[in-house]
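Structure first, commentary second.
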Amino acid sequence: METEVTNQENWTLVIRPQRAWWDLRLGELWRYRDLVWLFVWRDFVAYYKQTILGPLWYLIQPILTTLVFTVIFGNIAKLSTDGLPPFLFYLAGNTVWTYFSTCLTSTSNTFVSNSSMFGKVYFPRLSVPISIVISNIISFGIRFGLFILFLTYFIAQGSEVRPNAWAFLLPVLLLIMAGIGLGLGIIISSLTTKYRDLQQLVGFGVQLLMYGAPVIYPLSSVESKWRWIFLANPMTPVIELFRYGFMGVSSLSPMYIFYSIAWMFVVLLIGVLVFNHVESTFMDTV
Amino acid sequence: MKDIVVQIENLSKSYRLGAIGTGTFYGDVKRWWAKRLGQPDPYAKVGVMDHQNRSGETIWALRNIDLSIRRGEVMGIIGRNGAGKSTLLKILSKVTAPTTGNVKIKGHIASLLEVGTGFHPELTGRENIYLNGAIMGMRRSEVSRKFDEIVSFSEVEKFIDTPVKRYSSGMYVRLAFAVAAHLEPDILVVDEVLAVGDISFQKKCLGKMSDISKEGRTVLYVSHQMATILSLTQSCILMQQGQIVKMGDTSEVVSEYMNGVSEKKGYFGKRDLSSYPRSRNLPRNIDFVEIRLEDDAGDTKGVFVEKENIKVVVKMLVRKPSRYFSIGMDVSTFEGVRVFSIIKPKVEVELREGVYEVSAQFAPSYLRPGKYSINISVQSSILQDEVNDAVVFEVKHAAESVDDQFWMSDNRGVTRFDYEWNELRLSDQ
Chain L
519 METEVTNQEN WTLVIRPQRA WWDLRLGELW RYRDLVWLFV WRDFVAYYKQ
569 TILGPLWYLI QPILTTLVFT VIFGNIAKLS TDGLPPFLFY LAGNTVWTYF
619 STCLTSTSNT FVSNSSMFGK VYFPRLSVPI SIVISNIISF GIRFGLFILF
669 LTYFIAQGSE VRPNAWAFLL PVLLLIMAGI GLGLGIIISS LTTKYRDLQQ
719 LVGFGVQLLM YGAPVIYPLS SVESKWRWIF LANPMTPVIE LFRYGFMGVS
769 SLSPMYIFYS IAWMFVVLLI GVLVFNHVES TFMDTV
Chain V
162 MKDIVVQIEN LSKSYRLGAI GTGTFYGDVK RWWAKRLGQP DPYAKVGVMD
212 HQNRSGETIW ALRNIDLSIR RGEVMGIIGR NGAGKSTLLK ILSKVTAPTT
262 GNVKIKGHIA SLLEVGTGFH PELTGRENIY LNGAIMGMRR SEVSRKFDEI
312 VSFSEVEKFI DTPVKRYSSG MYVRLAFAVA AHLEPDILVV DEVLAVGDIS
362 FQKKCLGKMS DISKEGRTVL YVSHQMATIL SLTQSCILMQ QGQIVKMGDT
412 SEVVSEYMNG VSEKKGYFGK RDLSSYPRSR NLPRNIDFVE IRLEDDAGDT
462 KGVFVEKENI KVVVKMLVRK PSRYFSIGMD VSTFEGVRVF SIIKPKVEVE
512 LREGVYEVSA QFAPSYLRPG KYSINISVQS SILQDEVNDA VVFEVKHAAE
562 SVDDQFWMSD NRGVTRFDYE WNELRLSDQ
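Top line first, the protein sequences correspond to chains L and V.
The opening position of the first sequence corresponds to residue 519 in the working numbering, with each subsequent residue numbered one higher.
The opening position of the second sequence corresponds to residue 162 in the working numbering, with each subsequent residue numbered one higher.
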């Protein structure tokens with residue numbers, strides 16, 4: 519009996535009490551890549567099957583928000599828009615910001631909203647938030663198409679808008695937003711396994727973060743003593759660079775983008791570590 | 162001797178009572194502050210005294226489990242609710258991590274704790290097959306290869322492009338099991354999922370599971386249905402309070418369990434239910450406190466003979482006023498076959514806090530001699546409490562009964578009833 523046991527040390531899997539912090543099992547995630555795509559596809563299909571207007575919702579929401587912003591901040595409060603047409607200015611800010619905020623809020627309840635599935639079968643849990651971030655790109659694409667449409671219209675009308683080569687950095691900007699949104703989202707989601715009320719904080723926090731980013735006003739109109747708050751916000755360079763690339767106006771050097779990239783790496787690393795740590799036992803506390 | 166594919170070493174899992182937090186940061190701070198001031202815990206549940214006292218105490222759901230399973234073995238896991246069966250399966254499925262010890266596995270392991278995990282109601286049968294397959298670890302190409310086989314096994318060919326929200330529950334379960342049945346893992350861990358679906362499909366599932374084992378795959382199967390355990394598994398473990406109390410040949414372990422359910426536990430005829438484990442989390446605003454069986458004379462007992470009436474008396478504690486009340490119970494044989502159910506339909510009442518008693522009577526003359534257990538449940542507008550195997554009783558038939566020997570045999574069906582033969586006479590034709 520004893521000898522039999524000792525002969526077979528080539529186990530495929532060993533389940534242990536706690537995995538090491540650094541044991542991220544990213545290889546396993548890669549093996550489940552089909553699942554990530556199926557989740558993306560499920561979200562997409564399920565969304566369209568449930569709504570009558572389908573993708574139209576993605577257009578109605580940004581147009582309405584932008585109109586409200588234009589009336590309130592542009593016409594009533596008369597905030598500066600760096601000389602850009604107010605409608606286009608707000609639409610740009612809204613397009614970028616919405617992607618980031620949906621990534622953050624929808625990944626932040628990963629554990630709680632999937633607990634019934636997580637409680638019954640094992641698969642790399644990270645596949646869920648990753649798929650959310652990817653499927654949000656689809657809705658971003660629709661909003662972005664709308665933005666390009668208006669951009670072309672305004673250029674045709676002879677507005678002072680000059681798209682330039684920096685616009686090609688869009689994939690990088692998307693990656694940064696996805697990374698930061700995902701990282702923060704999974705950190706929050708790991709904490710909400712113990713404290714549900716953090717969930718309330720997310721919606722509120724995202725709103726605060728928006729006012730601390732140049733979404734409804736350009737960085738140039740911010741008083742210099744408050745400027746540091748905006749510069750500390752990793753989303754500031756992303757939004758400014760987006761406006762710069764597509765409309766040619768920004769008061770921030772494009773080099774600030776490296777600050778956002780650094781943020782992305784740090785937040786992602788912390789997020790994945792924390793998520794990984796919580797993953798193995800969260801079913802006992804959720 | 163075949164090699165060992167699952168090796169469980171000194172496996173334990175503990176949960177800390179009272180230390181699980183209140184669920185919100187605000188709640189935890191409030192509890193901590195009350196503790197500092199020496200006030201009672203504001204989140205302690207009223208009436209749950211034992212829980213309060215055991216705050217911080219560790220409950221061992223599993224304790225020092227050692228087990229090795231060989232290739233091709235089909236092993237049953239039996240035990241009462243709360244014995245640790247599900248916890249063991251959850252650890253094997255990697256849903257939760259053990260507290261100490263480890264499990265070594267050789268080969269691909271798949272678990273089926275629930276059928277249809279991750280099914281999306283808006284997606285069609287076809288789409289859900291891919292999704293569910295991927296959730297259980299299949300590659301897309303693998304699902305494509307087995308797709309036709311899965312569909313034909315599920316018998317829902319005609320509706321494969323219909324959203325599953327339009328499926329009947331039977332179709333849903335068939336499709337879900339079909340995906341799981343085609344996983345082809347080396348080791349399959351199955352919780353009691355076959356209790357759903359109609360009889361013919363259940364038979365098909367059991368057939369599939371025995372095929373799986375004949376292909377040299379290893380199966381671990383948890384069930385309360387002793388009949389399926391007996392027909393499906395060769396070896397079996399019996400769990401009790403987080404430990405393996407018996408291991409070996411299935412028929413031996415099952416009979417030990419069935420005897421244990423009655424005598425050893427000593428709840429023949431009467432049982433205190435206040436601290437008895439429930440199979441799942443329930444609100445328990447109406448909480449079972451005690452169940453006892455009485456004969457016509459009002460004596461509590463657990464063995465009844467044919468002519469006596471059995472009176473089931475249930476005592477419950479109402480913690481919150483309720484406007485509706487309904488209670489049900491069912492009687493099952495020890496093999497898990499339900500013989501009959503009785504309910505008191507939902508009525509509108511003004512139920513205040515307090516202890517209530519309700520009773521029902523039935524005649525055991527319709528029961529074959531043997532041992533039976535009673536499950537009880539109570540509802541207000543929703544299910545409040547439920548206890549499986551709440552009490553156990555035995556039916557013996559009067560010695561003078563002519564057909565007693567006949568009924569003693571195991572394969573005479575689950576019930577008996579009064580009947581009369583007409584005279585034997587010569588037929589004209």
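The beta-carbon is built from N, C-alpha and C at its ideal position, and this holds for glycine as well.
This structure is a prediction, so every number in the text was calculated from the model and none was measured.
Query: Within chain V, the residues that residue 529 of chain L reaches when beta carbons sit closer than 9 Å; Result: 168, 265, 266 and 267
Query: Alpha carbon of residue 767 of chain L to alpha carbon of residue 339 of chain V, nearest angstrom; Result: 59 Å
Query: Outcome for residue 578 of chain V when other beta-carbon atoms lying within 10 angstroms are tallied against a minimum of 16; Result: exposed
Query: is_contact[residue 535 of chain L, chain V] using C-beta, thresh 8 Å; Result: yes
Query: is_contact[residue 279 of chain V, chain L] using C-beta, thresh 8 Å; Result: yes
Query: C-beta neighbour in chain L for residue 236 of chain V, strict 8 Å; Result: no
Query: For residue 795 of chain L, three-class secondary structure by DSSP; Result: helix
Query: Local Cβ density within 10 Å of residue 470 of chain V, reported as buried at 16 or more and exposed below that; Result: exposed
Query: Partner residues on chain V for residue 798 of chain L, Cβ-Cβ distance less than 9 Å; Result: 255, 257 and 258
Query: Beta carbon of residue 263 of chain V nearer than 8 Å to that of residue 225 of chain V; Result: no
Query: As assigned by DSSP and simplified to three states, the class of residue 107 of chain V; Result: Because chain V here runs from 162 to 590, residue 107 of chain V falls outside it and cannot be looked at.
Query: Which of helix, strand or coil DSSP assigns to residue 591 of chain L; Result: helix
Query: Residue closest to residue 500 of chain V, alpha-carbon to alpha-carbon, out of V:319, V:308, V:311 and V:526; Result: V:526
Query: Per-residue burial, residue 392 of chain V [other beta carbons within 10 Å of its own, 16 or more giving buried]; Result: exposed
Query: Runs of alpha helix (DSSP H) wholly within the stretch 440-471 of chain V (minimum 4 residues, chain order); Result: none
Query: Reference residue 452 of chain V; option with closest CA among V:417, V:496, V:539 and V:495; Result: V:539
Query: Cut-off 7 Å between Cβ atoms - residues of its own chain near residue 512 of chain V, not counting five sequence neighbours on either side; Result: 479, 482, 483 and 486
Query: Option in V:173, V:582 and V:169 with minimal Cα separation from residue 529 of chain L; Result: V:169
Query: Own chain partners of residue 244 of chain V with C-beta closer than 8 Å, once the 5 adjacent residues on each side are dropped; Result: 400, 401, 402 and 403
Query: Test: residue 730 of chain L CB closer than 8 Å to a CB of chain V; Result: no
Query: Sub-8 Å separation of residue 308 of chain V and residue 290 of chain V beta-carbons; Result: yes
Query: Test item: CB-CB of residue 555 of chain V and residue 415 of chain V under 8 Å; Result: no
Query: Separation of residue 547 of chain L from residue 644 of chain L, as counted between CA atoms; Result: 7 Å
Query: Distance CB(residue 580 of chain L)-CB(residue 609 of chain L) smaller than 8 Å; Result: yes
Query: Minimum length 4: unbroken alpha helix (DSSP H) runs contained in the stretch 373-419 of chain V; Result: 387-393
Query: Beta-bridge partners of residue 221 of chain V, as assigned by DSSP; Result: V:175
Query: Where the beta strand (DSSP E) containing residue 349 of chain V begins and where it ends; Result: 348-351
Query: First and last residue of the uninterrupted alpha helix (DSSP H) at residue 496 of chain V; Result: It is not in any alpha helix (DSSP H) - residue 496 of chain V carries neither H nor E in the DSSP assignment.
Query: Per-residue DSSP class, three states only, for residue 510 of chain V; Result: strand
Query: Interface flag, residue 553 of chain L vs chain V, CB-CB below 8 Å; Result: yes
Query: Chain-ordered chain V contacts of residue 637 of chain L [CB-CB under 7 Å]; Result: 256
Query: Own chain residues within Cβ distance below 7 Å of residue 662 of chain L, not counting five before or after; Result: 613
Query: Residue range of the unbroken alpha helix (DSSP H) whose run includes residue 696 of chain L; Result: 688-710
Query: Cβ neighbour criterion (16 or more within 10 Å) applied to residue 671 of chain L; Result: exposed
Query: Own chain residues within Cβ distance below 6 Å of residue 774 of chain L, not counting five before or after; Result: 755
Query: Residue 654 of chain L versus residue 558 of chain L: straight-line alpha-carbon distance, rounded; Result: 9 Å
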